[in-house]
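*Asks:* Mind having a look at this structure? Questions to follow.
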Amino acid sequence: MTRLILFLFLIAAVAIALSSLATLTRAVGDLPPVAKGAPMPTVLKSVSFILLMILMLGITIGWIGAA
Numbered sequence: 002m003t004r005l006i007l008f009l010f011l012i013a014a015v016a017i018a019l020s021s022l023a024t025l026t027r028a029v030g031d032l033p034p035v036a037k038g039a040p041m042p043t044v045l046k047s048v049s050f051i052l053l054m055i056l057m058l059g060i061t062i063g064w065i066g067a068a
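Next up, the structure:
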C-alpha cells in the first residue's frame with residue numbers, strides 16, 4: 002500500500018513538473034530576445050533552483066540514486 006501511495010505521489014509530481022514546464026515555456030516564449038551574455042530570466046532561475054532543490058532532496062532521501 003505504501004508503494005502505491007509513493008507511486009501516486011510520483012505521478013502527481015511528474016504532472017506538476019510538466020505543467021510548470023509548459024507554463025515556463027509559454028512565459029519564456031513571450032519574452033523579447035536577449036543579448037548574448039545577458040542574465041537568465043527570473044522565472045527560469047526560480048524554476049531551475051526549485052528543480053535543483055527537489056533533485057537534492059530526492060538524492061538525500063534515497064528516492065534517486067543507488068539504494
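Using our numbering, you'd call the opening residue of the sequence shown number 2 and step up by one each time.
Don't be surprised by glycine CBs; every beta carbon is placed ideally from N, CA and C.
The structure presented is a predicted model; accordingly, all values stated were derived computationally and were not measured.
(1) So, are the CB atoms of P42 and A23 less than 9 Å apart?
(2) Can you give me the start and stop residues for the alpha helix (DSSP H) that M41 sits inside?
(3) Taking only three categories from DSSP, how would you classify I51?
*Replies:* Let's see:
(1) In terms of Cβ geometry, P42 and A23 do not form a close pair [threshold 9 Å].
(2) Note, M41: premise wrong, no alpha helix (DSSP H); not H, not E.
(3) Of the three classes helix, strand and coil, the one that applies to I51 here is helix, per DSSP.
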